[in-house]
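Position 162 (the sequence shown) corresponds to 176 in our numbering; numbering is contiguous. Beta carbons: idealized from backbone N, C-alpha and C, even for Gly. Note that the structure is predicted; figures quoted are calculated from it, not measured. Beneath this line is the structure, given in structure tokens, with notes to follow.
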Amino acid sequence: MAGAWLLGTEADAARAPAKAVLVAVREEEDAGAPGTELSLAELRRLADTDGLDIVEQVVQVRGRPDPATYVGSGKADELAATALRADADLVIADGELSPRQARTLEERVGVRVVDRTALILDIFAQHARSSEGRLQVELAQIAYQLPRLRGQGQALSRVGGGRVAGGAGIGVRGPGEMRLETQRRKLRQRAGSLRRRVAELAKRRERTRDRRARNRVPSVAITGYTNAGKSALLNRLAGARAGSADVLFATLDPTVRRIDAEGATLTVTDTVGFVRHLPHQLVDAFGSTLEEVRHADLVLHVADASAPDALDQITTVHGVLHEIDAGEVPELLVLNKTDIAPPEWVAALRRAHPEAVPVSALTGDGVEELRNRLAAWAGSHHR
15 MAGAWLLGTE
25 ADAARAPAKA
35 VLVAVREEED
45 AGAPGTELSL
55 AELRRLADTD
65 GLDIVEQVVQ
75 VRGRPDPATY
85 VGSGKADELA
95 ATALRADADL
105 VIADGELSPR
115 QARTLEERVG
125 VRVVDRTALI
135 LDIFAQHARS
145 SEGRLQVELA
155 QIAYQLPRLR
165 GQGQALSRVG
175 GGRVAGGAGI
185 GVRGPGEMRL
195 ETQRRKLRQR
205 AGSLRRRVAE
215 LAKRRERTRD
225 RRARNRVPSV
235 AITGYTNAGK
245 SALLNRLAGA
255 RAGSADVLFA
265 TLDPTVRRID
275 AEGATLTVTD
285 TVGFVRHLPH
295 QLVDAFGSTL
305 EEVRHADLVL
315 HVADASAPDA
325 LDQITTVHGV
335 LHEIDAGEVP
345 ELLVLNKTDI
355 APPEWVAALR
365 RAHPEAVPVS
375 ALTGDGVEEL
385 RNRLAAWAGS
395 HHR
């Protein structure tokens, strides 16, 4: 169920399911490219994860997004007719809209308009379970909302009043620059308070890492594209049930487990999955959590071998790892879901990445080889 932060009010969020229209702008040379359809398919998965019912899809081919309406004036009218015909509750753009684009398009279409970033933030708000996760999500939402305050007084009540921690709704609808400045000040104050609380939790996690280092326990961080099967693989390595939720961003809060790999003991941390165009607000807000990756002795990069764009997903993950200063951490690539991946796809991935370990977290195939590789690494790491 899409949350109040995305839809606008608690009453809106209570309706099931909300109807959404997807819209994308593609340059002419990219209009027929596989990446275009894959990006829209991923947006559809994101919307489905957030409990939305996708009723229509509109693609505009033009040189570049229109600075005022994103899709252009004529297409905006067509989009308005589509939303009206489908009785849609909101429109979701496959990209990040500027405040001006979102505001103008919303006026033209007549329903709430959000972008990919807002959708991902809403999913994170839904899935964060720990207090730290909720704090970090709210911090990311505030960072996203601050530049979008002007002309969106109603939207202000979503920050701090939807799924995220923080309690009181701090946006009160009202005219005038003075009211806007008051709202900005309250949001900045709230953000400052959140950063201090997140920093305190980060220090606590740092002390835990220091204890592990003193005890010479090798640390492994599982990372990868969202829904690649990271949690299922961790469960399999730990001897627990291998199944996990088949949704995007099922894991937001780090889970640390000790596992034995052929006599070697190591800690394995499950971390948040990455995605194309991961909002920079989230990367910043989750900085303390992502330190688990930066400070790991090894990154266990899990890729979905059954994904048609697996190579692109691997590249996306490498980009995020460099963005969070974890690009130099040693990496072991794991090709998961080989039980459902076409053999020729797995073979192509292994040609591109000869050191990768093919596994199936679901069936257990290849997991023993992975254990052996981890044991060999742990032994050489602590000689």
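Since D67 contacts A34 with CB under 8 Å, what's their CB separation in whole angstroms?
7 Å
Neighbour-count burial assignment, I236, 16 or more Cβ in a 10 Å radius:
buried
Where V75 and E42 are concerned, what is the direct C-alpha to C-alpha distance, given to the nearest angstrom?
6 Å
Could you spell out where the alpha helix (DSSP H) holding G88 opens and where it closes?
87-99
Mapping DSSP to helix, strand and coil, what is V315?
The question names Val, yet the displayed sequence has His at residue 315. In this structure, DSSP gives H315 an extended state, which the three-state scheme calls strand.
Spatial neighbours of V297 within its chain, please: C-beta separation below 8 Å, excluding the five flanking residues on both sides.
L304, V334, E337, I338
Which residues mark the beginning and the end of the alpha helix (DSSP H) in which T330 is found?
324-337
What are the boundary residues of the alpha helix (DSSP H) that G147 is part of?
145-159
For the pair the segment 198-214 and the segment 269-286, tell me if three or more CB-CB distances fall below 8 Å.
Cβ pair count under 8 Å is below three, so no.
Enumerated in chain order, which unbroken segments of the alpha helix (DSSP H) with a length of 4 residues or greater are wholly contained in the segment 187-243?
Complete alpha helix (DSSP H) runs here, min 4: 191-228.
Mind checking which residues open and close the beta strand (DSSP E) that includes E70?
66-75
Residue nearest to V373 in terms of C-alpha spacing, selected from R199, A366, A361, V348:
V348
How about L314 and L346: are their beta carbons less than 8 Å apart?
yes
For A340, collect the residues of the same chain with a Cβ closer than 6 Å to its Cβ; drop the 5 residues on either side in sequence, then sort them by chain order.
V307, R308
Excluding sequence positions up to five away, which residues of its chain have a Cβ less than 6 Å from the Cβ of E120?
V127
Is the beta carbon of A107 less than 8 Å from the beta carbon of D129?
Yes, the pair counts as a contact, with Cβ atoms nearer than the cut-off.
Given this structure, state the Cα-to-Cα distance separating D323 from D274, to the nearest angstrom.
33 Å
For the candidate residues D311, R99, K351, whose alpha-carbon lies nearest to that of S394?
D311
Would you give the residue range spanned by the alpha helix (DSSP H) that A139 belongs to?
From DSSP, the alpha helix (DSSP H) with A139 extends over 130-141.
Can you tell me whether N386 is buried or exposed, with buried defined as 16 or more other CB within 10 angstroms of its CB?
exposed
R218 classed as buried or exposed, judged by whether at least 16 other C-beta atoms fall within 10 angstroms:
That one is exposed.
Quick check on T352: does DSSP put it in helix, strand or coil?
coil
Distance, Cα to Cα, A116 vs R78?
16 Å
Locate the beta strand (DSSP E) running through R117, then write down its first and last residues.
Counting along the chain, R117 falls outside any beta strand (DSSP E), though it belongs to the alpha helix (DSSP H) covering 113-123.
CB-CB length for R58 against L36, believed under 8 Å
7 Å
Flag this pair as yes or no: are the beta carbons of D318 and N350 separated by less than 8 Å?
yes
Would you kindly report the start and end of the unbroken beta strand (DSSP E) that includes D274?
D274 -> beta strand (DSSP E) spans 269-275.
Secondary structure of L296, DSSP reduced to three states:
helix
Could you tell me if G238 is buried or exposed, where buried requires 16 or more neighbouring beta carbons within 10 angstroms of its beta carbon?
buried
Pick from D101, V72, R99, A100: whose alpha carbon is nearest that of G88?
V72
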